[in-house]
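**Student:** Would you mind keeping the following structure in view while I ask a few things?
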Amino acid sequence: MRISISGILFVAILMIGLAALYSFHYTTGNEQQVMDEVIEAWHDAAARGDSAAFFGRMTKEAIYLGTDESERWDRTTMARDLGRYFNGKKAWKFISYNRHYIALKDRNSILFDECLKTWMGPCKATGLLSREKGSWKIAYYNLSVAVPNDYVKQYTKLLPPGDILTD
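Residue 412 is where the sequence shown ends in the numbering used here, and the numbering goes up by one at each step.
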């Protein structure tokens, strides 16, 4: 039996295509809509100051990194430290756009990144959704202020000299 190079290439391309399709099936269609709804509801809960809805959409082990270098909270610490902002009044409002999902081999974890309109100006965030008992929850969120490249020199002038790498 002779196997042709074109036959081998066809099978290889087919396998690569199927692997790619399998790897990213969670980021399309209805599943992506469900993940969008979870993240949007989480942002909306902060905008309404609804602590139960906000923290309820996070895993128990969730980590939230804020824009300040010192801001790293687990869910419990964040609820304690920022609870005063969740008193039925707006805690903060983020309007998301340009969200992307990256499927991981673990079918229960999805990375995402998004751009945000905020009171601080443009921000970017990276997060991890984790599926718990069939529901997606925020397991990790890293928020950062997005400084446009045209303003970086002005921005660095606001920082202490020791915070800037000079060589």
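C-beta atoms are modelled at their ideal positions from N, C-alpha and C, and glycine is treated no differently. Given the structure is predicted, the values throughout are model-derived calculations rather than measurements.
#1: Enumerate in chain order the residues of its own chain whose CB-to-CB distance from residue 401 is below 6 Å, with the five nearest sequence positions on each side excluded.
#2: Once you ignore the five residues that flank residue 333 on each side, which residues in its own chain have a CB closer than 7 Å to its CB?
#3: Taking the runs of the alpha helix (DSSP H) that are 4 residues or longer, which of them lie wholly in the region 291–318?
#4: How about the region 374–382 and the region 308–323: do they share at least three Cβ pairs that are nearer than 8 Å?
#5: Whose C-alpha, out of 317, 395, 324 and 386, is nearest the C-alpha of residue 297?
#6: Which one or two residues does DSSP pair with residue 409 in a beta bridge?
#7: Checking 8 Å against the spacing of the C-beta atoms, do residue 360 and residue 390 come in under that value?
#8: In three-state DSSP terms, what is residue 394?
#9: Would you call residue 342 buried or exposed, if buried means 16 or more other Cβ atoms sit within 10 Å of its Cβ?
#10: So, for residue 291: in the same chain, excluding its five sequence neighbours on each side, which residues have a beta-carbon less than 6 Å away from its beta-carbon?
#11: Just to confirm my understanding: we take residue 327, look at its own chain, exclude 5 residues before and 5 after, and list those with CB closer than 8 Å. What are they?
#12: Compute the distance between the beta-carbons of residue 384 and residue 304, then report whether it is under 8 Å.
#13: Report yes if the CB atom of residue 363 is closer than 8 Å to the CB atom of residue 339, and no otherwise.
**Tutor:** With the structure as the only source:
#1: 409
#2: 294
#3: 296–301, all fully within the region 291–318.
#4: no
#5: Taking residue 297 as reference, the option from 317, 395, 324 and 386 with the minimal CA-CA separation is 324.
#6: Residue 409 pairs with nothing; no bridge assigned.
#7: Taking C-beta atoms as the reference points, residue 360 and residue 390 fail to come closer than 8 Å.
#8: helix
#9: exposed
#10: 299, 336 and 337
#11: 318 and 336
#12: yes
#13: yes
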